[in-house]
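In the working numbering, each number is its position in the sequence shown, counted from 1, plus 40.
All C-beta atoms, glycine included, are put in the ideal place defined by N, C-alpha and C.
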Amino acid sequence: MVTIQETELKERGISAVTTAQKLGRPILISEVHKMDRMDPLSFFNRGRERYLGERFYWKDPSEEVVLVGIGITKQIQSDQATDRFFHVEEEWREFLKDGLIFNPFNENGLGPVMFGGFSFDPLKAKTALWSKYADSLFHVPKYMLTIVKGQTYLTTNIVCTPNDDYTFFEKVISERTQLLTSLKQDTHINPPKLLEMKEISPQKWKQTVDEVVEDLKTGSLKKVVLARELRLLFNHQVKADVILENLYNQQRDSFIFVFESNGDCFIGATPERLVKKQGKNVFSTCLAGSIRRGKNEEEDHFLGQTLLNDQKNLNEHGFVVEMIKEALEESCEEIILPDKPQLMKIRDIQHLYTPVIGKCQKDASLLLLVERLHPTPALGGLPKQEAVEKIRQVEELDRGFYAAPLGWVDYRGNGEFSVSIRSGLIQGKEASLFAGCGVVANSDSESEYLETSLKFRPMLRALGGK
Ligand SMILES: C=C(O[C@@H]1C=C(C(=O)O)C=C[C@H]1O)C(=O)O
41 MVTIQETELK ERGISAVTTA QKLGRPILIS EVHKMDRMDP LSFFNRGRER YLGERFYWKD
101 PSEEVVLVGI GITKQIQSDQ ATDRFFHVEE EWREFLKDGL IFNPFNENGL GPVMFGGFSF
161 DPLKAKTALW SKYADSLFHV PKYMLTIVKG QTYLTTNIVC TPNDDYTFFE KVISERTQLL
221 TSLKQDTHIN PPKLLEMKEI SPQKWKQTVD EVVEDLKTGS LKKVVLAREL RLLFNHQVKA
281 DVILENLYNQ QRDSFIFVFE SNGDCFIGAT PERLVKKQGK NVFSTCLAGS IRRGKNEEED
341 HFLGQTLLND QKNLNEHGFV VEMIKEALEE SCEEIILPDK PQLMKIRDIQ HLYTPVIGKC
401 QKDASLLLLV ERLHPTPALG GLPKQEAVEK IRQVEELDRG FYAAPLGWVD YRGNGEFSVS
461 IRSGLIQGKE ASLFAGCGVV ANSDSESEYL ETSLKFRPML RALGGK
């Protein structure tokens, strides 16, 4: 059971009101409690009734940090295209200023955390598909369950105004108790049935790949990542809880995320880290170059070796390594990376993978690193600007948050962002899935098409497709 001293929040709340009165503006009060283990999926599910559309879930591949946010205490959002990383950072700092944070623990991901991300390209014309997500969108949750180093914590974040009194805190306490003691709703009753699956213009997509290949042969562009969409229709509303449980059972080795916004839900299981920051230590991942898994161990090994020795894939991968190294060199004193890629094997696909570790300078914030890295040539191309412009011009898909940075930052500046691939957007009875692949001068549109089909699989399986 949860052992939370109820009087604490009231006492702390009253002193926060005094501070708010002195400053003449609302301030944040955040408190962290250790609690007995609670299953994070069950916590996510308990928020369904009352906080539908205001939840998030995050876990990294090794479950070093699991975060579940319920309710929204603060939303940071903007459709501003220029300096968007800087603006989010500034608003975050402003929100934390003078806040009262009661957190006696040193672990990451406790206390005030903002969770969210950025669209792939704020200059791409927005369609109705992503109308529920601003180009930069972060939520600071009201209640957050954190599991870190095997220990469970609960953070409560509230903003109090100069006019609040103890009744406000009593209301929060009763809401919190209700959330922690409510029953898990059964997610297995009536799972959604897939009725229809529609690939969006596959022929046109292949034609675009062919045209881009021609450009790559002659111009200064070296690589462009092109993505496409699969639209699904179900017999009834798709519940994020069900799909999250499926992803958790089927894609343990990946980052798994859910980010609800205004009734829509962005969800996925991505193998790709953009950047993680823990004090001065920075971790990134180069992931590019793909081949399917084998039907048996022998074939799987053969395919893996083929990928490790394939010049086209090695070149594609090399672009990513070069760029990430350069981007991190701007902020890091020391960078360690192996000179050859290794294999990352996940359920449906294997990739060329190079981990990168750096020691960063004091003034490099996580969002600054995100800005420098996004998009890497694994999702954009090379040269970066030219590739993004090409995608903006030729790609039919509105990528929205697909292939973009998604993750969290805590109030101490630590956190992690993944690259939100192998993902989909759930909208009531419908869903869009996204998948892309790196196109280089010797790409073949048919095999790139097959590669993207493979990349739809994790989300498709979680949604009950084949
Ligand atoms: C673009 C995607 O994947 C990216 C492209 C890869 C490739 O071209 O080989 C491999 C991994 C990812 O960096 C996707 O899954 O949608």
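* Touching by the beta-carbon criterion (3+ pairs, under 8 Å), the stretch 420-434 and the stretch 233-246 -> no
* In this structure, does DSSP put Pro445 in helix, strand or coil? -> strand
* Going by alpha carbons, who is nearest to Ile307 out of Glu129, Tyr442, Trp448, Met75? -> Tyr442
* What residue does the alpha helix (DSSP H) around Met384 start on, and which one ends it? -> Unbroken run through Met384 is the beta strand (DSSP E), 382-386; no alpha helix (DSSP H).
* So the alpha helix (DSSP H) Glu456 belongs to, where does it begin and stop? -> Here Glu456 belongs to no alpha helix (DSSP H); instead the beta strand (DSSP E) covers 455-459.
* Asked: How many angstroms separate the CA atom of Asn355 from the CA atom of Lys380?
  -> 12 Å
* Starting from the C-beta of Trp245, find all residues in its chain whose C-beta is less than 6 Å away, skip the five residues before and the five after it, and write them out in chain order. => Arg268
* Under the criterion of a Cβ to heavy atom distance below 7 Å, does Arg501 qualify as lining ligand 1? -> no
* So, helix, strand or coil for Thr122, using DSSP? -> coil
* Span of the alpha helix (DSSP H) holding Ile213? -> 206-221
* As assigned by DSSP and simplified to three states, the class of His414 -> coil
* Asked: Who does Tyr393 pair with in a DSSP beta bridge?
  -> Leu327, Gln382
* State yes or no: is the C-beta of Ala418 nearer than 7 Å to some heavy atom of ligand 1? => yes
* Return the CA-CA distance between His357 and Thr394, expressed in angstroms with no decimal places. => 9 Å
* Asked: Lys506 by DSSP, collapsed to three states: which one?
  -> coil
* Run the proximity test for Ala444: is its beta-carbon closer than 7 Å to any non-hydrogen atom belonging to ligand 1? => no
* Asked: Taking one C-beta from the stretch 429-441 and one from the stretch 152-164 each time, how about it: are there three or more such pairs within less than 8 Å?
  -> yes
* Asked: Given a threshold of 16 other Cβ atoms within 10 Å of its Cβ, counted over all protein chains shown, does Ile364 qualify as buried or as exposed?
  -> buried
* Please confirm whether Leu150 and Thr192 have their CB atoms less than 8 Å apart. => no
* Tell me whether the beta-carbon of Glu488 lies closer than 8 Å to the beta-carbon of Cys477. => yes
* Identify whether Phe299 lies in helix, strand or coil by the three-state DSSP scheme. => strand
* Leaving out the 5 sequence neighbours to the left and right, which residues in its chain are closer than 6 Å to Asn454 when beta-carbon positions are compared? -> Asn148, Lys317, Gln318
* Length of the line joining the Cα atoms of Lys62 and Ile240 -> 57 Å
* Asked: Who pairs with Ala60 in a beta bridge, going by DSSP?
  -> Its beta-bridge partners do not exist; DSSP assigns none.
* **Own chain, CB closer than 7 Å to Gly303, minus 5 neighbours either side, in chain order** => Gly93, Lys172
* To do: Within 10 angstroms of the Cβ of Gln291, are there 16 or more other Cβ atoms? Answer buried if so, exposed if not.
  => buried
* Asked: Can Ser472 and Leu169 be called in contact, C-beta distance under 8 Å?
  -> yes
* Asked: Got a sec? Which residues, its chain only, sit under 7 Å from Met41 by beta carbon, not counting five neighbours each side?
  -> Interpretation of Met41 is limited by its pLDDT of 46, a score under 50 that renders its predicted location unreliable; no figure is taken from the coordinates.
* Could you tell me if Ala502 is buried or exposed, where buried requires 16 or more neighbouring beta carbons within 10 angstroms of its beta carbon? => buried
* Asked: Comparing alpha-carbon positions, which option in Ser301, Lys114, Gln218 lies nearest Ala174?
  -> Ser301
* Cβ pair Val249, Ser483 closer than 8 Å -> yes
* Terminal residues of the alpha helix (DSSP H) in which Leu347 lies -> 337-348
* Asked: Looking at C-alpha atoms only, which residue of Glu429, Asp293, Ile376 is the closest neighbour of Glu104?
  -> Asp293
* Quick one: is the Cβ of Gly464 within less than 7 Å of any heavy atom of ligand 1? -> no
* Start and end of the alpha helix (DSSP H) containing Gly156? -> Note, Gly156: premise wrong, no alpha helix (DSSP H); beta strand (DSSP E) at 153-158.
* **Rounded straight-line distance, which links the Cα of Asn143 to that of Arg52** => 12 Å
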